[in-house]
DNA sequence: GGCGCCTCCTGGAGGC
DNA sequence: TGCCTCCAGGAGGCGC
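Residue numbers (the UniProt record's numbering): 1 to 306.
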């Protein structure tokens, strides 16, 4: 599933081919890919045709490409890969991809004619043309852009742990007031972005913290450990090209990542913990799963009131 | 306002 | 072989 490392691999793969390119044609084959767009497929096509792509940026799991000159752009194509979205770079005129939803034909001054194909099996992903708004903190909107602007749809999303402008103090303050389990908080993109179910399990395993441990009960040291492990896990996954279990996640060239081989918790139900050899457990968690080591990641006992 | 459940969706896997 | 059910999960909506 595309989380921060996978989306960053896609962004980094797209950037050299799309920045500076002119959109020569747009074809929407499934309007369900435009659920976040204010208008129908025709409006989407008219809004993009003839425009130039100024940058390829990312915050958390959101990607966006400012239109026209990046420095003065007021609009951007904003995309989310959802669970199964793919952004594929193809030769101009290449045949349709399986689950293709939207195709952008582009002309790059160096690379010539190309196609950017948005394919999405489960249709949870989307593309939209959105207005750019100033960032709350005045820092660059995200990776891949130096300008302090983000799409309106992304403005409420917190920065991710790899962002130089990530606000550690705000993160710790959020944990201190959240009564929910820490895993639920890590999945809340308004607290910290880019983390999904897979990396939440990996981060908590690395930090030796139980997924249901109340966030507000965590010590300052534990909160710091979570942040440090979040950065380490995400960096390692990024270096290994992301996590691919099947064809659900591939880079812009259709290639899988290797981080699935480095997982310590997610998907390893009943297998021995890499630290203590205790069998890992899987529990149901809001229509999905949590994986953890019952020995290394103990639920803190509630303090007895006197 | 905080919290947590539900819904959207597709296709692979497994059971019968 | 074919049909049915379950499962995976990001993000927003909604009820409590």
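We treat Cβ as the ideally placed atom computed from N, Cα and C, and that holds for glycine. No experiment lies behind these values; they were computed from the predicted model shown.
- Following the DSSP letters along the chain, one finds residue 106 inside the beta strand (DSSP E) bounded by residues 100-108.
- A distance below 8 Å between beta-carbons, with the five flanking residues on each side excluded, links residue 69 to the following residues of its chain, in chain order: 52 and 54.
- Closest by C-alpha distance to residue 14, out of 73, 90, 37 and 27, is 90.
- A straight-line Cα-Cα distance of about 45 Å links residue 38 and residue 280.
- Scanning the stretch 117-196 from its first residue to its last, the whole beta strand (DSSP E) runs of 3-plus residues come out as 126-134 and 149-151.
- Residue 217 and residue 298 have their C-alpha atoms roughly 13 Å apart.
- Residue 53: not part of any beta strand (DSSP E); DSSP gives it neither H nor E.
- Take the alpha-carbon of residue 129 and the one of residue 78: they are about 6 Å apart.
- Cβ-Cβ distances below 8 Å link residue 112 to 92 in the same chain, with the five nearest sequence neighbours on each side left out; the list follows chain order.
- The C-beta separation of residue 199 from residue 233 comes to about 6 Å, placing the pair in contact by the 8 Å criterion.
- Of the candidates 206, 241, 210 and 99, the residue whose Cα lies closest to the Cα of residue 229 is 206.
- The beta carbon of residue 133 is closer than 7 Å to those of 149, 150, 152 and 155 in its chain, skipping five residues each way along the sequence.
- Between the stretch 116-128 and the stretch 159-178 there are fewer than three C-beta pairs closer than 8 Å, too few to call the two in contact.
- The shortest CA-to-CA distance from residue 212 to any of 284, 48 and 80 is the one to 284.
- Counting only residues of its own chain and dropping the five nearest sequence neighbours on each side, residue 208 has a CB closer than 6 Å to the CB of 296 and 297.
- If you ignore the 5 residues before and after residue 25, its C-beta comes within less than 6 Å of the C-beta of 105, all in its own chain and listed in chain order.
- Setting aside the 5 residues that flank it on each side, residue 288 is surrounded in the same chain by 197, each with a C-beta closer than 6 Å to its C-beta; the list follows chain order.
- In the DSSP annotation of this structure, the continuous segment of the beta strand (DSSP E) that includes residue 75 starts and ends at 75-80.
- Annotated three-state conformation of residue 85 is strand, per DSSP.
- For residue 268, there is no enclosing beta strand (DSSP E), as DSSP marks it with neither H nor E.
- Counting along the chain, residue 7 sits inside no beta strand (DSSP E); it lies in the alpha helix (DSSP H) bounded by residues 4-18.
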